[in-house]
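Visitor: Per the working numbering, residue 85 is the first one in the sequence shown, and the count goes up by one each step. Just dropping this structure here.
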Amino acid sequence: MEIWQKMLQSCVTSPARLTRRYGVDPRPLAAVAERYPMRVTPYYLSLIQSVDDPIWRQAVPSVEELEAGSCCADPLEEEEQSPVANLVHRYPDRVLFQVCSECAMYCRFCTRKRKVGKDRMQVTRNTIAQGLAYIRKHPEIRDVILSGGDPLLLSNEMLDGILKELRGIPTVEILRIGTRMPVVLPQRITLALTRMLQRYHPLYLNTHFNHPDEITPLAARALARLADAGIPLGNQTVLLRGVNDDPQIMRRLMQRLLAVRVKPYYLYQADLVLGTEHFRTTVEEGLDIMRALRGHTSGMAVPAFVIDAPGGGGKIPLLPEYLQSLGDEVILKNYQGLDYRYSNARPVTEQNVPMAVNQSG
């Protein structure tokens, strides 16, 4: 048994185990953990500095999760866009393929809070076979994102088998893996894993750091191992109340990600997921954070700020108002709030297209 597997066996799965260390009363949290499973790795637990700090809020149940608010179980309507079990086909050329039903840690803000780690989500060899068959039958699918749960919770052998099947489909060009292992259990990123993943290029990996304190030396070492294997790394951050809803924290997070060779990819406005209302910020706060990034740090450190539209509409980008007016003259506002003018090109019309010279005679 590998170190990471031993650490999984030592995960905290009950609020009662927090009493001695943190002095919290676990009784109000027990009902939350019963509805929404709890699992925290010993590694991630060691990052907590105090009760209700940004690390605690992501990992430990809160009674606020039992408040309904304006949220629902499946706001992105993934179930309606699943032609076969555990596969979401929302965009024309790509699918989200859920190959594992569990995570090393159950994040309290998870968009699949309704089913991950529960009996409601059953991933079997049969459901994986159905997903592979669907992808084979749909040649328009060129990009497959392995998700779950967390795909890296699978054994190397199981993951290798799935990747081999996908790479054997001629119409599949790109493979992606979505995982939080470098954040919550970096010990999982072993040399054996990276050697196996190297065989399936072009393969990309998106991870999920939400706070700069999550980028530890152990996490950086795991990321370096993946990057050294030639795997491009991206990061998807969720804007979370009490975690990273501060421009300075977000800027530091994005800068530190670049320093460990991870490209900031998306900043998500929190989904309308039942049990996560207390994490939601206003859209205006997100736009303020984007203003604090653009121009104040490298453009490489600026993710796309998006709302994953309720009802299955997909990701919609949001930007502060840099474009003030559009016409013969374009008026722009820069990161300092200053206006600049740009002379627009003339649109191409039949009247101003030069006539081709006939040289045949």
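Glycine included, C-beta positions come from ideal geometry on N, C-alpha and C. Keep in mind the model is a prediction, meaning the values are calculated, not measured.
1. Please state if the CB of R220 and the CB of I258 are separated by a distance shorter than 8 Å.
2. What residues in its chain sit with their C-beta under 6 Å from that of T97, if we drop five residues either side in the sequence?
3. In this structure, does DSSP put F389 in helix, strand or coil?
4. Quick one: grab the DSSP three-state call for D137.
5. Distance check for R251 and I273, CA to CA, integer angstroms please.
6. On a Cα-Cα basis, can you pick out the residue from R378, I391, D109 and H292 that is closest to C187?
7. Give the DSSP bridge partners of F181, in chain order.
8. With DSSP as the reference, identify every bridge partner of I415, one or two as the case may be.
9. With T291 as the anchor, note down where its beta strand (DSSP E) starts and where it stops.
10. In this structure, how does DSSP classify V96 when only helix, strand and coil are distinguished?
11. Is it right to say M265 is buried, meaning 16 or more other beta carbons lie within 10 angstroms of its own, or is it exposed?
12. What residue range does the alpha helix (DSSP H) around T278 cover?
13. Relative to the C-alpha of S231, which residue among L113, E162 and Q332 is closest?
14. So, is G445 buried or exposed, given that buried needs 16 or more other C-beta atoms within 10 angstroms?
15. Can you give, in chain order, each stretch of the beta strand (DSSP E) that sits fully within the segment 298 to 372 and has at least 3 residues?
16. On a CA-only basis, which of L247, G318 and I87 is nearest N290? Give me that one, please.
17. Let me check one thing: in DSSP terms, what residues is V446 bridge-paired to?
18. DSSP three-state label for P401, please.
19. Count the C-beta pairs between the segment 188 to 196 and the segment 357 to 366 that are closer than 8 Å, then say yes if the count reaches three, no if not.
20. Thinking C-alpha only, which one of L92, L402, K417 and P401 is nearest L408?
21. Can you tell me whether G262 is helix, strand or coil according to DSSP?
22. Check whether the Cβ atoms of Y120 and L269 sit closer than 8 Å, and answer yes or no.
23. Please indicate yes or no: does the CB of R283 lie closer than 7 Å to some heavy atom of the ligand PLP?
24. For the segment 132 to 142 against the segment 167 to 175, do three or more pairs of beta-carbon atoms, one drawn from each stretch, fall closer than 8 Å, so that the two count as touching?
25. Please list, in chain order, all residues of the same chain as L113 whose beta carbon is under 6 Å from its beta carbon, the five residues on each side excluded.
26. Short of 7 Å in beta carbon distance, which residues of its chain neighbour S427, apart from the five on each side in sequence? Order them along the chain.
27. Span of the alpha helix (DSSP H) holding Y455?
28. Have a look at C184, I229 and R364 and flag the residue whose alpha-carbon is nearest the alpha-carbon of V200.
29. Using the C-alpha atoms, what's the distance from M384 back to E369?
30. Taking the alpha carbon of L247 as the point to measure from, which residue in Q339, R141 and I261 has its own alpha carbon closest?
31. Mind checking which residues open and close the alpha helix (DSSP H) that includes T103?
32. Count the other CB atoms within 10 Å of the CB of V116; is the residue buried (16 or more) or exposed (fewer)?
33. Can you give me the Cβ contacts of V367 inside the same chain, cut-off strictly under 8 Å, excluding the 5 residues immediately before and after it?
34. Roughly how many whole angstroms lie between the Cα atoms of L92 and E86?
Guide: On the basis of the supplied data:
1. no
2. Correct list, in chain order: M122 and R123.
3. strand
4. coil
5. 21 Å
6. H292
7. L171 and L230
8. S409 and R425, per the DSSP bridge assignment.
9. L287 to T291
10. The answer is strand: DSSP assigns V96 an E or B state.
11. It is buried - the Cβ of M265 has at least 16 other Cβ atoms within 10 Å.
12. L275 to Q282
13. E162
14. Per-residue confidence for G445 stands at a pLDDT of 46, beneath the threshold of 50, marking its modelled position as unreliable; the derived number appears in the next sentence. G445 comes out exposed.
15. 317 to 323 and 347 to 353
16. G318
17. Residue 446 is absent from the model: the chain starts at 85 and stops at 445.
18. strand
19. yes
20. It should be pointed out that residue 408 corresponds to Gln in this sequence rather than to Leu. Measuring from the Cα of Q408, the nearest candidate turns out to be K417.
21. strand
22. no
23. As far as ligands go, the structure on display features none, and thus does not contain the ligand PLP.
24. no
25. P99 and P145
26. Around S427: E413.
27. Absent from the model: residue 455. The displayed extent of the chain is 85 to 445, so no value can be given.
28. C184
29. Cα to Cα, the separation comes out at about 21 Å.
30. I261
31. T103 to Y106
32. buried
33. Q353, I391 and L402
34. 10 Å
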